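*Asks:* Quick one: this structure, given as structure tokens, is what I'll be asking you about.
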Amino acid sequence: MIGQHLLVGYAPGRGGDEALATAFDLVRHTGGLVTVAHVHPPGRPAAATEAATLLGRLRTRLDDPATEVVAVASRSVGRGLATAAARAGADAIVIGSAAGGARGRITLGSAADHLLHSAPESVLVVPAGHVPAARAERLTVMYVGRPQCEEAVLRASVAAQEYGVPLRLLTLALEGDPRGPLQDDLALAVRLALDSSGLDPDDVSAGLGEGDDVAAAMADAGWDPGEMMVVASSEDASPHRVFLSEIGLKMVRAALCPVIVLPRGYT
């Protein structure tokens, strides 16, 4: 299931706090674990001391004995988080939006860019200003008729059943895209979701977000307050790695809810 063990990439500030809140909200549904990691530069004793102090204060603030906090020395925040996730056995890395972005949107910094092009674990990115809703409302899978998206449907349908939320399969229809074949592919995806889970047919829907570009089509789709978006990696991704295409990155930047990106060949 998505979210059995989450590793939160933490740095002081709004983005770090929002990533933490989102991670704890998710494990409330999964019964999973949270590990919090802070990356600092190697070979600098002052930075290591500062990291230890930061995590000590965070440990007290969290007041949760099941949550582990770890400091990681690395020249790259993204690489350090991937290393920490592998050591912890986490199935997803949670990061906040980079500073300076618009509220309600995802701004990708260097760490997010690294993870979204190489992480071996799923990557969950949280929009700026995000506050978890009182309850989860829906999982939406961004779907096109390709094997990696079918994998995402399989995983999300099981997760939706476990979370007790509806599942939506969403395809973006841009200018010039034929609607008929897209709707036919969505109908097959709905059948795949139903056959692979115990979801009620009334809890699985399909839709087209229409617009001249990705941002307009995403806005047209409509989003619930307690929603999470699931995106498959590109077919160009290495096995068991995250890799987003340019279209995938545009979808993430246009998202109005947390987005989880699955590695290719996710199991």
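Position one of the sequence shown corresponds to residue 98 (the numbering used here), numbered consecutively onward. C-beta atoms are modelled at their ideal positions from N, C-alpha and C, and glycine is treated no differently. Bear in mind the structure is a predicted one, so any value in this text is a computation, not a measurement.
Once DSSP output is grouped into helix, strand and coil, what is the label at residue 164?
*Replies:* Within the sequence shown, the letter at position 67 stands for residue 164. If DSSP states are grouped into helix, strand and coil, residue 164 belongs with coil.
*Asks:* Give the range of the alpha helix (DSSP H) segment to which residue 283 is assigned.
*Replies:* Position 186 of the sequence shown holds residue 283. First-last of the alpha helix (DSSP H) with residue 283: 276 to 292.
*Asks:* What do you reckon, are the CB atoms on residue 132 and residue 167 nearer than 9 Å?
*Replies:* Counted from its first residue, the sequence shown places residue 132 at position 35. Counted from its first residue, the sequence shown places residue 167 at position 70. Going by C-beta atoms, residue 132 is nearer than 9 Å to residue 167.
*Asks:* If residue 217 sits next to residue 183, beta carbons under 8 Å apart, how far is it from one beta carbon to the other, in whole angstroms?
*Replies:* The count along the sequence shown starts at 1 and reaches residue 217 at position 120. The count along the sequence shown starts at 1 and reaches residue 183 at position 86. The Cβ separation is near 7 Å, so the contact holds.
*Asks:* Can you give the beta carbon distance from residue 119 to residue 101, rounded, assuming they're within the 8 Å contact cut?
*Replies:* The residue given as residue 119 occupies position 22 in the sequence shown. The residue given as residue 101 occupies position 4 in the sequence shown. That belief does not hold up - the Cβ atoms of residue 119 and residue 101 are roughly 15 Å apart, past 8 Å.
*Asks:* Consult DSSP for residue 134 and reduce its assignment to one of helix, strand or coil.
*Replies:* By 1-based counting over the sequence shown, the position of residue 134 is 37. Residue 134 falls in the strand class under three-state DSSP.
*Asks:* Measure the C-alpha to C-alpha separation of residue 344 and residue 150 and round it to an integer number of angstroms.
*Replies:* Start at 1 with the first residue of the sequence shown, and residue 344 comes out as number 247. Start at 1 with the first residue of the sequence shown, and residue 150 comes out as number 53. Whole-angstrom Cα-Cα distance: 40 Å.
*Asks:* Just reading off the beta strand (DSSP E) that residue 237 is part of, what are its end residues?
*Replies:* Reading the sequence shown from its first residue, position 140 is the one you call residue 237. Bounds of the beta strand (DSSP E) holding residue 237 are 235 to 239.
*Asks:* Kindly identify the DSSP beta-bridge partner or partners of residue 115.
*Replies:* One-based indexing of the sequence shown puts residue 115 at position 18. Paired residue(s): none; residue 115 is not in a bridge.
*Asks:* State yes or no: is the C-beta of residue 290 within less than 9 Å of the C-beta of residue 251?
*Replies:* Position 193 of the sequence shown, counting from 1, holds the residue named residue 290. Position 154 of the sequence shown, counting from 1, holds the residue named residue 251. It is a contact, given that the beta carbons lie within the stated cut-off.
*Asks:* Report the partner residues of residue 155 according to the DSSP bridge assignment.
*Replies:* Sequence index remark: in the sequence shown, residue 155 carries index 58 (1-based). None, per the DSSP bridge assignment.
*Asks:* Quick check: the Cα distance between residue 177 and residue 230, rounded to an integer number of angstroms?
*Replies:* Reading the sequence shown from its first residue, position 80 is the one you call residue 177. Reading the sequence shown from its first residue, position 133 is the one you call residue 230. Going by the C-alpha atoms only, they are around 30 Å apart.
*Asks:* Check the C-beta distance from residue 354 over to residue 307 and give it rounded, since I have them as a contact under 8 Å.
*Replies:* Position 257 of the sequence shown, counting from 1, holds the residue named residue 354. Position 210 of the sequence shown, counting from 1, holds the residue named residue 307. Not quite, the Cβ-Cβ distance comes to about 19 Å (not below 8 Å), so this is no contact.
*Asks:* Using a Cβ-Cβ cutoff of less than 7 Å, which residues in the same chain neighbour residue 171 once the five nearest sequence positions on both sides are dropped?
*Replies:* Taking the first residue of the sequence shown as 1, we reach residue 171 at position 74. Residues 136, 139, 177, 180 of the same chain have their beta carbon placed closer than 7 Å to that of residue 171, with the five preceding and five following residues left out of the count.
*Asks:* Hey, residue 305 and residue 280: beta-carbon distance below 9 Å or not?
*Replies:* If you number the sequence shown from 1, residue 305 lands on position 208. If you number the sequence shown from 1, residue 280 lands on position 183. Contact annotation: residue 305 and residue 280 have beta-carbon atoms nearer than 9 Å.
*Asks:* Tell me the DSSP bridge mates of residue 342?
*Replies:* On the sequence shown, residue 342 is found 245 positions in, with the first residue counted as 1. DSSP lists no partner for residue 342.
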